[in-house]
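**Student:** Quick note on full-length UniProt numbering: the sequence shown kicks off at 1 and runs consecutively. Encoded as structure tokens, here's the structure I'll be asking about.
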Amino acid sequence: MKHITAYTRNVAQASVLFEALVNRSPAVPGFGLMDGRPGLGKTFATLKLINSIDNGIYLRAVKLETPTTFLDRLLRELSIRDRPRSRMAKYERVVDALSMEQFIVFIDEADYYMDQPELLDVLRDIHDMTGTTVILVGMDKIARKIATLPQLDSRISHRFEFQPADLNDLQIMVEECFENNIQVSNDLLRKVLIETKGNYRLSAIALENIERKAKVDGLTVIGCEHWGDENSTIS
């Protein structure tokens, strides 16, 4: 399979959220939220968005993060080598940089930050002082946590919950990612959906297995008849 992220329904909706945030009016807050269960392609969609722009910053949250380490990482992504020692000076340097040049900040695995009010306050201050667009990406429970944080919740102007893959999504993945123009019949794609429950991560494994068998057997079209109803697509 080609090393690309297919333009599935989730990717399309993530793009809509992104465009709405970037083109919002000055009166509209600039936080966005993309959430969903594990394996629905949130990180891949995020990276596809970042690769489509020149001013994206990607930070993956980590459990041991502190406000100081967060500011240091952000300064590094802003290519600021001369990083001050005090936390306040780091914060001011970040605000200065983001005030002079527009960036879109993506924070993946943002769930880690929901129990760190001091870090969230720093992030909120940066947003309020600079108008920077900040897109939080997290698991399906993050929305409930944010709902208990009114100062953050009120600043999220656009939200999208990632959904499991459907038949059309798998057809798009085959069309865009398969090599040698290999096609997969709908009966086999439905088998993939049943076995993966629409999990994109597992679906990618299944489709790669299917493509590999089609190549080995010299097929341009593969379906359940050739695959075998008794054979799992993800094992």
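C-beta: ideal position from N, C-alpha, C; glycine also. Source: prediction; values computed, not measured.
1. Using 10 angstroms around the beta-carbon of residue 108, count the other beta-carbons present and answer buried if the total reaches 16, otherwise exposed.
2. Where do the N-terminal and C-terminal ends of the beta strand (DSSP E) with residue 108 fall, by residue?
3. Report yes if the CB atom of residue 127 is closer than 8 Å to the CB atom of residue 137, and no otherwise.
4. Assuming residue 44 contacts residue 5 (C-beta within less than 8 Å), just tell me the rounded distance between them.
5. Could you tell me the alpha carbon to alpha carbon distance between residue 20 and residue 156, rounded to whole angstroms?
6. Is the Cβ-Cβ distance between residue 205 and residue 227 less than 8 Å?
7. Inspect the beta-carbon positions of residue 172 and residue 8 and report whether they are closer than 8 Å.
8. So what does DSSP say about residue 28, is it helix, strand or coil?
9. Which residues bound the beta strand (DSSP E) around residue 139?
10. Less than 8 Å between C-beta atoms, sequence neighbours within five positions excluded: which residues of the same chain meet that for residue 183?
11. List the residues that DSSP assigns as beta-bridge partners of residue 183.
12. My parser needs the alpha helix (DSSP H) runs of 4 or more residues fully inside the stretch 57 to 96; what are they?
13. Comparing C-alpha positions only, which one of 83, 113, 27 sits nearest to residue 65?
14. Please report the straight-line C-alpha distance between residue 217 and residue 178, rounded to a whole angstrom.
15. Where does residue 4 sit, in a helix, a strand or coil, going by DSSP?
**Tutor:** So, from the listed chains and residues:
1. buried
2. 104 to 108
3. no
4. 5 Å
5. 12 Å
6. no
7. yes
8. coil
9. 133 to 139
10. 174, 220, 221, 222
11. 221
12. 67 to 77
13. 113
14. 15 Å
15. coil
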